[in-house]
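If you're matching positions, the sequence shown starts at 1 in UniProt numbering and goes up one per residue.
Before any comments, here is the structure.
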Amino acid sequence: MRLFAIGDLHLSGNPPKKPMEVFGPRWKNHWQRIAEDWKNRVTDDDTVLIAGDTSWAMRLDEAQEDLDQIRALPGKKLIIRGNHDYWWASAGKLNRMDAENNMHYLYGSTAVLDDGTIICGTHGWICPGDIHYQEERDAKPYRRELLRVERTLQEAEKLGGGPTILMLHYPPVCDLTKPSGFTELLEKYKVPLCIFGHLHGMQPGTMFPRRYNGTLLHLVSADYRDCKLLEIKFDGEEALP
1 MRLFAIGDLH LSGNPPKKPM EVFGPRWKNH WQRIAEDWKN RVTDDDTVLI
51 AGDTSWAMRL DEAQEDLDQI RALPGKKLII RGNHDYWWAS AGKLNRMDAE
101 NNMHYLYGST AVLDDGTIIC GTHGWICPGD IHYQEERDAK PYRRELLRVE
151 RTLQEAEKLG GGPTILMLHY PPVCDLTKPS GFTELLEKYK VPLCIFGHLH
201 GMQPGTMFPR RYNGTLLHLV SADYRDCKLL EIKFDGEEAL P
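This is the structure we're talking about:
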């Protein structure tokens, strides 16, 4: 079993109703490139983590065309919610919908892979000190997401077994480099790897991966990954860049 990750698929039907090329040449034919890389590398024994912003759809019924494209690809899929996933119903409803499709949705919850690796997944939030942070709007959801993260990490600690991966949509660091409540939790629970998406327009390989107080941070947005899945590897409990 191998483990992969990608985020920010930003699907909008086939052909796409909202082509991503308007955001730059790195997005040209992005889904075809991702799907080709996926089919060439992933088997049904593998797992792919999808770090949010999966579909531009506004309702769940509208998202089915995009979800069908993901269902058709090999491997087990673990999916979290991004800030543009307006189609997202409750995780319970989504998991019932895809119970037979090898797709699982995480929202403040954990999943244990066949090799014992524990995936903790939730939405995350922008952090105090971020240029976009507004206290009145963001303080409450930020605190709520911190509670979700800590609850999942506590659950992972009780489960034991293999290494723990925290999957967020928003980055755990503030303005790319500064600490936050999320980085404090990563350090407190000695999490070896955190993957996230949300950030776009950065030159691949410029800021991430990098270690932050012992945790390897990996940005897996599709454009940052040049539309190629990240393969996640460990040496014992340590995540490899």
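Every residue, glycine too, gets a C-beta built ideally from N, C-alpha and C.
Which whole-angstrom value is the C-beta distance of residue i and residue j, which I expect to be below 8 Å?
| i | j | result |
| --- | --- | --- |
| D46 | D85 | With a Cβ gap of about 23 Å, D46 and D85 do not count as contacting. |
| W87 | E62 | 6 Å |
| W38 | L9 | The Cβ separation is near 10 Å, so there is no contact. |
| F23 | H132 | Their Cβ separation, rounded to whole angstroms, is 18 Å, which puts F23 and H132 out of contact at 8 Å. |
| N14 | Q69 | 7 Å |
| L240 | R41 | Their Cβ separation, rounded to whole angstroms, is 17 Å, which puts L240 and R41 out of contact at 8 Å. |
| A56 | L113 | Here the sequence assigns Trp to residue 56, which means Ala is not the residue at that position. That pair is no contact at about 29 Å. |
| C127 | L153 | Incorrect: roughly 17 Å between the Cβ atoms, too far for contact. |
Could you tell me the distance, in whole angstroms, from the CA atom of residue i to the CA atom of residue j?
| i | j | result |
| --- | --- | --- |
| G129 | M20 | 30 Å |
| residue 326 | R148 | Absent from the structure is residue 326, since the part of the chain shown begins at 1 and ends at 241. |
| E184 | L217 | 14 Å |
| D98 | V48 | 15 Å |
| A51 | L106 | 10 Å |
| G7 | H169 | 8 Å |
| L78 | A89 | 15 Å |
| N102 | P141 | 30 Å |
| G75 | L186 | 28 Å |
| P192 | R151 | 17 Å |
| M58 | N83 | 12 Å |
| L176 | F208 | 9 Å |
| W125 | L219 | 15 Å |
| E238 | A91 | 30 Å |
| I165 | T43 | 21 Å |
| K17 | L94 | 23 Å |
| E100 | R210 | 37 Å |
| N213 | L159 | 23 Å |
When you compare the CB positions of residue i and residue j, do they come within less than 7 Å of one another, or not?
| i | j | result |
| --- | --- | --- |
| P204 | Y189 | no |
| S221 | G197 | yes |
| E145 | H123 | yes |
| M167 | I232 | no |
| P163 | T117 | yes |
| C194 | P172 | yes |
| R2 | C227 | no |
Could you spell out where the beta strand (DSSP E) holding residue i opens and where it closes?
| i | result |
| --- | --- |
| K39 | Counting along the chain, K39 falls outside any beta strand (DSSP E), though it belongs to the alpha helix (DSSP H) covering H30 to R41. |
| G121 | I118 to G121 |
| K77 | K76 to I79 |
| M103 | M103 to Y105 |
| T110 | S109 to V112 |
| F196 | L193 to F196 |
| I6 | L3 to I6 |
| V173 | Neither: V173 is in no beta strand (DSSP E) and is coded neither H nor E. |
| L217 | T215 to L219 |
Locate the alpha helix (DSSP H) running through residue i, then write down its first and last residues.
| i | result |
| --- | --- |
| I70 | L60 to R71 |
| E100 | Note, E100: premise wrong, no alpha helix (DSSP H); not H, not E. |
| T183 | G181 to K188 |
Q: Kindly provide the ranges of any alpha helix (DSSP H) runs that are 4 or more residues long and lie completely inside the stretch 133 to 163, ordered along the chain.
A: Taken in chain order, the complete alpha helix (DSSP H) segments of 4 or more residues contained in the stretch 133 to 163 are 135 to 159.
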